[in-house]
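Enquirer: Below you will find the structure I want to go over with you.
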Amino acid sequence: MTSTIDRGEGAASVAPLISVRGLTVGYDVARTGNRLIAIEGVELDVREGEFVTVLGPSGCGKTTFMNVIAGLVKPSAGQVLVGGEPVTAPGPDRAVVFQDYALLPWRTVFDNVKFGLEMQKRLKGQGWRDRVQEAIDMVGLAGFENSYPRELSGGMQQRVGLARAFVAEPRILLMDEPLGAVDALTREVMRDEIGKLIAKTGKTVIFITHSIEEAILLGDRIVVFKSHPGAIKEVIETGLSRPRSERNVQSDPRFIELRDYLWDALEHEATEAAISK
Ligand SMILES: Nc1ncnc2c1ncn2[C@@H]1O[C@H](COP(=O)(O)OP(=O)(O)O)[C@@H](O)[C@H]1O
Ligand SMILES: [Mg+2]
């Protein structure tokens, strides 16, 4: 890649909000009795307000990495610090948006979003109903409060997932391929919307994707993962101005340069991963 690529080393000058130190995660696989090292020696600092996209082939440990930050998976070695404190469990400072939405099918849209507050025992007092409604309005679902997930399209279900994450006002949003299950057109629209929404709220975001375009369009930095074992291959500063719209960015020479570079990097990774399976 040309010298315009900043590998991200300069990013550590401000105290990071998220600090990942020597992170290794192994799983004991009961079926084979073996231990599988999912990620090894991962180091990353994320500044407050930064939008980091994580890109890599299937199975390279992206979800594992995010789950440790979420407090859902324990490290085998190393640690994750948020605001200087080690992560040991989920907490109100972090919210997760899952690829498969993870909605409660027996609850309405309103009650699914309400669940974001319920989990944190924050339903006391009067204000919570307004907060739930605001989150629903923010993601464009006003009028669907009483609908059930099965009555909604995939894109709309993921809007519920977003509202449930936003309602608790976390500092950090952890998004694991949130648009992976919606159709291509909806995906484009929601990408733009998510970018704008997050720019407005100033949240710190870790956004996993296997789409090169998505990683460039949304990210301030792109963390590229490699497989066997899962680890960070490189970190690339996108250097694209904001606000970005899908249409404008796609003709930007920098976008094209990044896309070609990442395409080559990932093609190599995907081939390696396929061969060593
Ligand atoms: N709970 C688990 N038990 C055993 N192996 C797991 C578990 N979760 C993930 N893995 C394995 O760890 C590796 C990384 O998985 P994952 O983090 O889901 O990768 P990605 O999200 O990049 O597809 C894969 O080989 C996967 O099969
Ligand atoms: Mg995954």
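If you count by numbering that gives the first Met the number 0, then the sequence shown holds residues 0 to 276, one letter each, in order. Backbone N, C-alpha and C fix where the C-beta goes; we use that ideal spot for every residue, glycine too.
#1: Distance cutoff 7 Å, beta carbons only. Does S152 sit that close to anything in chain C?
#2: Thinking C-beta only, is G194 closer than 7 Å to Y100?
#3: Where does the unbroken alpha helix (DSSP H) through L102 begin, and where does it stop?
#4: With a cut-off of 8 Å on the beta carbons, I'd call I235 and K61 a contact; round off their distance for me.
#5: Is any heavy atom in ligand 1 found nearer than 6 Å to the beta carbon of T62?
#6: For G7, is the classification buried or exposed, using 16 other Cβ atoms within 10 angstroms of its Cβ as the cut-off for buried?
#7: With a threshold of 6 Å, establish whether the CB of G58 neighbours any heavy atom of ligand 1.
#8: Flag V51 as yes when its Cβ comes closer than 6 Å to any non-hydrogen atom of ligand 1, and as no otherwise.
#9: Mapping DSSP to helix, strand and coil, what is D27?
#10: Which word fits V28, buried or exposed, when buried means at least 16 other C-beta atoms lie within 10 angstroms of its C-beta?
#11: Does DSSP put P15 in a helix, a strand or coil?
#12: Excluding five sequence neighbours on each side, which residues of the same chain lie with their C-beta closer than 8 Å to the C-beta of Q157?
#13: From G48, G90, D92, I231, pick the residue whose C-alpha is nearest to that of G21; which is it?
#14: Compute the beta-carbon to beta-carbon distance between A162 and I135, rounded to the nearest angstrom, for a pair I have assumed lies under 8 Å.
#15: Here's the rule I'm using: 16 or more other beta-carbon atoms within 10 Å means buried, otherwise exposed. How should L35 be labelled?
#16: Tell me the residue span of the alpha helix (DSSP H) that contains V112.
#17: Is there at least one non-hydrogen atom of ligand 3 closer than 6 Å to the beta-carbon of A69?
#18: Run through the stretch 32-94 for me and flag every whole beta strand (DSSP E) of 3 or more residues, listed as ranges in chain order.
Expert: In this structure, then:
#1: Considering every chain present, this structure includes no chain C. It has just one protein chain.
#2: Residue mapping note: residue 100 aligns to position 101 of the sequence shown, counting from 1. Residue mapping note: residue 194 aligns to position 195 of the sequence shown, counting from 1. At the C-beta level, Y100 and G194 stay beyond 7 Å of one another.
#3: As a first step, residue 102 is located in the sequence shown; it is residue number 103 there, counting from the start. Boundaries for L102: no alpha helix (DSSP H) harbours it, and the DSSP string shows neither H nor E there.
#4: To locate residue 235, count along the sequence shown from 1; it is residue 236. To locate residue 61, count along the sequence shown from 1; it is residue 62. The Cβ separation is near 16 Å, so there is no contact.
#5: Position 63 of the sequence shown, counted from the start, is the residue given in the question as residue 62. Yes - ligand 1 has a heavy atom lying nearer than 6 Å to the Cβ of T62.
#6: In the sequence shown, residue 7 corresponds to position 8, counting from 1. Model confidence at G7 stands at a pLDDT of 48, short of 50, so the residue's coordinates are unreliable; what they give is reported in the following sentence. Buried.
#7: Your numbering for residue 58 matches position 59 in the sequence shown. G58 Cβ: within cutoff of ligand 1.
#8: Position 52 of the sequence shown, counted from the start, is the residue given in the question as residue 51. No - ligand 1 has no heavy atom lying nearer than 6 Å to the Cβ of V51.
#9: In the sequence shown, residue 27 corresponds to position 28, counting from 1. Annotated three-state conformation of D27 is strand, per DSSP.
#10: Stepping through the sequence shown from its first residue, residue 28 is reached at position 29. Taking all protein chains in view, the Cβ of V28 is surrounded by fewer than 16 other Cβ atoms within 10 Å, so the residue is classified as exposed.
#11: Within the sequence shown, numbered from 1, the residue matching residue 15 stands at position 16. Coil, per DSSP.
#12: One-based indexing of the sequence shown puts residue 157 at position 158. V96, Y100, P177, L178, A180, V181, M189.
#13: Walking along the sequence shown from the start, residue 21 turns up at place 22. Of the candidates G48, G90, D92, I231, the one whose C-alpha sits nearest the C-alpha of G21 is I231.
#14: One-based indexing of the sequence shown puts residue 162 at position 163. One-based indexing of the sequence shown puts residue 135 at position 136. Contact flag correct, Cβ pair sits at about 5 Å.
#15: Translated into positions along the sequence shown, residue 35 becomes position 36. Burial call: exposed.
#16: Locating residue 112 in the sequence shown gives position 113, where the first residue counts as 1. Residues 108-117.
#17: In the structure shown, ligand 3 is absent; the only ligands present are ligand 1 and ligand 2.
#18: 33-45, 50-54, 76-81
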